[in-house]
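Trainee: Structure provided below as structure tokens; questions to follow.
Number of protein chains: 2
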Amino acid sequence: MTQVKVGVMGVGNMGRSHASKLYNGEVKGAKLTAVCDLMKEKLKWVEENLGSDVQLFQDEDQFFKKAEVDALIIATPHYHHPKCAMKAFQQKLHVLLEKPAGVYTKNVREMNQMAEQSGLVFSMMYNQRTNPLFQKVRNLIQSGELGEIKRTNWIITDWYRSQSYYDSSEWRATWKGEGGGVLLNQSPHQLDLWQWTTGLMPKKVRGYMNYGKYHDIEVEDDVTAYVEYENGATGVFITSTGEAPGTNRYEIVGDRGKIVVENNKLMFHRLTQSEREFNATDQTGFGRPECWEIEVPIKGEATEHVGIMQNWVDAIRTGEELLAPGEEGIKGLEISNAIYLSSWLDETVELPINEDLFFEKLTERIAQSQQKKSAVNQSLDISQSF
Amino acid sequence: MTQVKVGVMGVGNMGRSHASKLYNGEVKGAKLTAVCDLMKEKLKWVEENLGSDVQLFQDEDQFFKKAEVDALIIATPHYHHPKCAMKAFQQKLHVLLEKPAGVYTKNVREMNQMAEQSGLVFSMMYNQRTNPLFQKVRNLIQSGELGEIKRTNWIITDWYRSQSYYDSSEWRATWKGEGGGVLLNQSPHQLDLWQWTTGLMPKKVRGYMNYGKYHDIEVEDDVTAYVEYENGATGVFITSTGEAPGTNRYEIVGDRGKIVVENNKLMFHRLTQSEREFNATDQTGFGRPECWEIEVPIKGEATEHVGIMQNWVDAIRTGEELLAPGEEGIKGLEISNAIYLSSWLDETVELPINEDLFFEKLTERIAQSQQKKSAVNQSLDISQSF
Chain C
80 MTQVKVGVMG VGNMGRSHAS KLYNGEVKGA KLTAVCDLMK EKLKWVEENL
130 GSDVQLFQDE DQFFKKAEVD ALIIATPHYH HPKCAMKAFQ QKLHVLLEKP
180 AGVYTKNVRE MNQMAEQSGL VFSMMYNQRT NPLFQKVRNL IQSGELGEIK
230 RTNWIITDWY RSQSYYDSSE WRATWKGEGG GVLLNQSPHQ LDLWQWTTGL
280 MPKKVRGYMN YGKYHDIEVE DDVTAYVEYE NGATGVFITS TGEAPGTNRY
330 EIVGDRGKIV VENNKLMFHR LTQSEREFNA TDQTGFGRPE CWEIEVPIKG
380 EATEHVGIMQ NWVDAIRTGE ELLAPGEEGI KGLEISNAIY LSSWLDETVE
430 LPINEDLFFE KLTERIAQSQ QKKSAVNQSL DISQSF
Chain U
80 MTQVKVGVMG VGNMGRSHAS KLYNGEVKGA KLTAVCDLMK EKLKWVEENL
130 GSDVQLFQDE DQFFKKAEVD ALIIATPHYH HPKCAMKAFQ QKLHVLLEKP
180 AGVYTKNVRE MNQMAEQSGL VFSMMYNQRT NPLFQKVRNL IQSGELGEIK
230 RTNWIITDWY RSQSYYDSSE WRATWKGEGG GVLLNQSPHQ LDLWQWTTGL
280 MPKKVRGYMN YGKYHDIEVE DDVTAYVEYE NGATGVFITS TGEAPGTNRY
330 EIVGDRGKIV VENNKLMFHR LTQSEREFNA TDQTGFGRPE CWEIEVPIKG
380 EATEHVGIMQ NWVDAIRTGE ELLAPGEEGI KGLEISNAIY LSSWLDETVE
430 LPINEDLFFE KLTERIAQSQ QKKSAVNQSL DISQSF
């Protein structure tokens, strides 16, 4: 196909941004043809700013019946993601899904199965995978340069939000409306990069969460997770929206040195030999293997959302390989679900987690959820996505 | 008294260093008068290098009967510390004790009670307390400059040791000979500084330990601990002897900013207002409080072991306040014991811990301990201290 006709479901902050980029021709081989949103004023904004050629729908079912689209970008609230993607696959639409893949792996797994059967192009909006710095980290690990991993440690606490952020929408930071807090909303990129760069999923997870510690919210705003990997490596993941200024420091220790990512710099403390080998042969007791401090040069810029959209469109048109296959969205989400479940059960959980149990415990929280202003029909509330 | 007559119990690496400094007159108002060590060759070294005036004892009881000393520096293996200090108090000797205070808090508490009743000057060799950098960190916290603490995070993994270190002595890294690994031997300074700088002891502790992960030893060489404080703050302490190059990064987040100590630099990311106040008043959602990045100048040098010895001697002579009162040695040790106990029980423990249970569990490990070469009478093995 010459031009991929793209629809956008949900034109809140993110959806509007994606639609504008498509309309402005920033994605080659793609064209914005339709938009759907529950709120009239959002559609009006599209009409006034993105041209009268774009079909506008206020009703999702009408959109799926009548929109002239080959592909769909979904930028609705979290709970809506898998449901909407599955409807799109039924309509034979290619899908680009905003993060997180969903709120619970149980229905994300269904979505993935349907995606696989469909043969359609399914991608996740993991725009941080376009960052050449994290691509380089992944390369250093996957190529064996860092050696076998011993420990990972990500302190990602620079997600500061004040109370006014949480007060801006009734669905935000509620179990019913959003399904989680800092771990589900702010941290999916890091949870994905954590597993994507290392190529490792944790085997055991122990999560410690504080709910509404720094804000008047019912979900978590402070998380510490300890993990163990199959090979014996350990890891820590710390995130919060209540610390100022926060930290974003990712450290990965391997047999051949240490990688530290902080302040947009990639430092590689590279040993000139394997530590395990040094350990076995050194006779000095206090000796240390020779180490080179290298600031690894980073070439290119992160192409961010446009880069992911372009990659997805190219995959549709020419079969290019996806940088962020949609099916991989479940990985970061499974780590996330495991941290919640561990906190709720107050015990260590093993992966794969008991998905039914997670869903049951989440459902209990949804049932007791106190939305802040008025009840809304969440499945249709696709207007305030972010 | 004009000159404090000081004895040294155990002239392994550390004891020999302390004795030499005393002999060389590096500590004003003090004089080395006697030394005790189980090993003849160590005494011979003292005789040849530190003068013939120094009384030499190979037997501890003889030392306590006959040595002409007012005060004693104890630099023997860990298990011996409280026993030896208590004997010294009975003989009315002031005591300066090498770290750790002991292996288990149960008998360290007895030692502290005896010290208090004695009225003698009792100090711990916490030489890192003489570091003006950590004094400044403590000052920034204790003066309220950092505000109420939210989180502490110490990654102290630069204790690299190769197998040859552990093979150098039969008592090393055994439950029977040493009573622990990296947490008990290498990390006591950081465990002390962690509580001393913040003025906070954890309330709950969850320890994850790996025993003999990187070395052929029976004790731990890899530790991750998660803690919670009374005020709701959380913390993480990570240490290992198996990572090269390691990290030494201490981060403390408070209501008014963040302190980061790394590479001998003290960075204070100082907010111009309280974060709690900003949180309540900001209306922008994504706003962040103004923050100044300050590299805090550090005046003076760490006086290290000589500084602690001088402070202790001055306290004996003129009543000067101690920088590291002996009774405070139990604090870092209690955190240490809690981390072990949590790992052994595989559950979170609360402080104060059950000291009898800890001792019982330690005793089980001592009973099964496999010393590497030959059995030694540990209570007399004061020769290889470090």
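Heads up: the protein sequence lines correspond to chains C and U, in order.
According to this note's numbering, the residues represented by the first sequence are 80 to 465, in order.
According to this note's numbering, the residues represented by the second sequence are 80 to 465, in order.
We treat Cβ as the ideally placed atom computed from N, Cα and C, and that holds for glycine.
1) Indicate, with yes or no, if the ligand SAM has a heavy atom lying under 7 Å from the CB of U/V174.
2) If you measure from the beta carbon of C/E350 to each beta carbon in chain U, is any gap under 8 Å?
3) Could you spell out the range, first to last residue, of the beta strand (DSSP E) harbouring C/H348?
4) Any residues in the segment 357 to 368 of chain C with a beta carbon nearer than 7 Å to a beta carbon of chain U? Which ones, in chain order?
5) Report the CB separation of C/P156 from C/G256 in whole angstroms; it is logged as a contact under 8 Å.
6) For U/S202, name the three-state secondary structure that DSSP assigns.
7) In terms of residues, what are the limits of the beta strand (DSSP E) holding U/Q319?
8) Scan the segment 286 to 305 of chain U for residues whose Cβ lies nearer than 8 Å to a Cβ of chain C and list them as they occur along the chain.
9) Spell out whether any CB of chain U is found under 8 Å from the CB atom of C/A417.
10) Three Cβ pairs or more, each shorter than 8 Å: is that satisfied between the segment 280 to 288 of chain C and the segment 415 to 429 of chain C?
11) Quick one: any contact between the segment 89 to 98 of chain C and the segment 118 to 135 of chain C, if contact means 3 or more CB pairs under 8 Å?
12) When you compare only the Cα positions, how much space is there between U/I377 and U/P211?
13) So with CB distances below 9 Å, who are the chain U contacts of C/Y244?
14) Do we get a CB-CB distance below 8 Å when we pair U/N232 with the residues of chain C?
15) Is DSSP giving C/D300 helix, strand or coil here?
16) Quick one, are the C-beta atoms of U/V216 and U/L345 less than 8 Å apart?
17) Is DSSP giving C/I461 helix, strand or coil here?
18) By the DSSP assignment, the beta strand (DSSP E) with U/R230 in it spans what residues?
19) Suppose the cutoff is 7 Å on Cβ atoms and the five residues either side in sequence are ignored; what does the same chain contact list for U/D460 look like?
20) Flag C/Q463 as yes if its beta-carbon sits less than 8 Å from any beta-carbon of chain U, otherwise no.
21) Kindly indicate the opening and closing residues of the alpha helix (DSSP H) around C/F136.
22) Need the endpoints of the beta strand (DSSP E) that C/E327 sits in, please.
23) Output needed for C/Y413: all residues of its chain with C-beta closer than 6 Å, excluding positions within five of it in sequence on either side, in chain order.
24) Between the C-alpha atoms of U/V106 and U/L175, what's the straight-line distance to the nearest angstrom?
25) In the DSSP assignment, the beta strand (DSSP E) including C/N210 goes from what residue to what residue?
26) Hey, C/P281 and C/V302 are a contact pair by Cβ (cut 8 Å); roughly how many whole angstroms apart?
27) In chain order, what are the residue ranges of uninterrupted beta strand (DSSP E) at least 3 long that sit wholly in the segment 388 to 422 of chain U?
28) Assign C/G379 to buried or exposed, taking buried as 16 or more other Cβ atoms, counted over all protein chains shown, within 10 Å of its Cβ.
29) What in chain C is Cβ-close to U/R95, meaning under 7 Å?
30) For a test of the three-state rule: what should DSSP assign to C/Y245, helix, strand or coil?
31) Along chain D, in chain order, which residues have C-beta atoms closer than 8 Å to that of U/G321?
32) Can you name, in chain order, every residue of its own chain whose Cβ lies under 6 Å from the Cβ of C/A446, other than the five neighbours on each side?
33) For U/M288, which residues does DSSP report across the bridge?
34) Determine the closest residue to C/V114 out of C/L135, C/E120, C/G104 and C/S99, with distance taken between C-alpha atoms.
35) Would you mind telling me which residues of chain C sit closer than 9 Å to U/Y308, beta carbon to beta carbon, in chain order?
36) Could you check how far apart the C-beta atoms of U/E206 and U/E383 are, in whole angstroms? I think they sit under 8 Å.
Mentor: Taking the geometry as given:
1) The model on display carries no ligand, and the ligand SAM is accordingly not part of it.
2) This sequence places Leu at residue 350 of chain C; Glu is not what is there. Answer yes: the Cβ-Cβ gap between C/L350 and chain U drops below 8 Å somewhere.
3) K344 to L350
4) F357, N358, A359, D361, Q362, T363, G364, F365, G366, R367 and P368
5) 7 Å
6) strand
7) Reading the sequence as shown, one finds Ser at residue 319 of chain U and not Gln. Counting along the chain, the beta strand (DSSP E) containing U/S319 begins and ends at T313 to S319.
8) Y287, N289, K292, Y293, H294, D301, T303 and Y305
9) no
10) yes
11) yes
12) 6 Å
13) D361, T363, G364, F365 and G366
14) yes
15) strand
16) yes
17) At C/I461, the pLDDT of 32 sits below 50, so the modelled position is not reliable and the matter cannot be decided from this model.
18) I228 to I235
19) Only weak support is given to the placement of U/D460: the predicted model assigns it a pLDDT of 33, under 50, and the question is left unresolved by the model.
20) Confidence is the limiting factor: at C/Q463 the pLDDT is only 35, short of 50, which leaves the residue's position unreliable and the question unanswerable from this model.
21) No alpha helix (DSSP H) holds C/F136; the beta strand (DSSP E) holding it covers Q134 to F136.
22) The question names Glu, but residue 327 of chain C is Asn in the sequence shown. C/N327 -> beta strand (DSSP E) spans N327 to G333.
23) Looking at the sequence provided, one finds Glu at residue 413 of chain C rather than Tyr. Taken in chain order, the residues that qualify are T184.
24) 13 Å
25) Premise fails: C/N210 is in no beta strand (DSSP E) and is neither H nor E.
26) 14 Å between Cβ atoms; not a contact.
27) none
28) exposed
29) Neighbours of U/R95 on chain C: none; closest Cβ ~16 Å, over 7 Å.
30) helix
31) The question asks about chain D, but that chain is absent: this structure's protein chains are C and U.
32) none
33) U/V302
34) C/L135
35) The premise fails here: U/Y308 is roughly 12 Å from chain C at the closest Cβ pair, so nothing lies under 9 Å.
36) Residue 206 of chain U is actually Asn in this sequence, not Glu. About 5 Å; that satisfies the 8 Å criterion.
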